[in-house]
Amino acid sequence: GAAVDAALSDGSTASTALMLACENGHAACVRLLLGGGAAVVAAESDGWTALMFACQNGHEACVRLLLGGGAAVDAARSDGVTALMFACHNGHEACVRLLL
1 GAAVDAALSD GSTASTALML ACENGHAACV RLLLGGGAAV VAAESDGWTA LMFACQNGHE
61 ACVRLLLGGG AAVDAARSDG VTALMFACHN GHEACVRLLL
């Protein structure tokens with residue numbers, strides 16, 4: 001089978017399949033990836049995590065799955081921005097509630 005944590009590198013970052021699924025709100029894929037052992041705490045070189053991608057885009061179902069899988073709520077990018085900050089900045093109240 002495929003390497004669940006293989007990273008797509010664009011030269012500056014390295015997104016995993018889990019990050020891409022969370023960024024685009026594909027909760028069914030997130031569930032499958034987590035079930036297949038995807039690293040929920042993996043981060044790109046600048047600190048982006050799957051939870052940050054999900055919160056930035058308001059994908060509540062993905063956030064729930066990630067939190068259930070042990071996502072690091074307080075993880076921060078290299079500039080200090082957290083998933084909670086993304087959710088607040090973009091007005092994703094449901095995601096904020098899940099994170100608190």
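If you're matching positions, the sequence shown starts at 1 in UniProt numbering and goes up one per residue.
Just so you know, even glycine gets a beta-carbon here, dropped at the ideal spot from N, CA and C.
Scanning its chain for C-beta atoms nearer than 7 Å, with the 5 sequence neighbours on each side dropped, one finds around ALA61 the residues ALA27, in chain order. Counting only runs of 4+ residues, the alpha helix (DSSP H) found wholly inside the region 76-100 occupies 83-89 and 93-99, in chain order. The beta carbon of LEU84 lies closer than 6 Å to those of LEU99 in the same chain, with the five residues before and after it left out. If you compare the alpha carbons of ALA94, ALA50, ARG77 and SER15 with that of ARG31, the shortest gap goes to ALA50. Within the DSSP bridge table, the entry for LEU8 names SER15 as partners.
Nearest in C-alpha terms to LEU67, of all of ALA14, CYS22 and ASP46, is CYS22. Per the DSSP secondary-structure output, ALA43 pairs in a beta bridge with THR49. With distances taken between CA atoms, ASP74 lies nearest to CYS55 out of CYS55, VAL4 and GLY91.
Counting other Cβ atoms within 10 Å of its Cβ, GLY69 reaches 16 or more and is therefore classed as buried.
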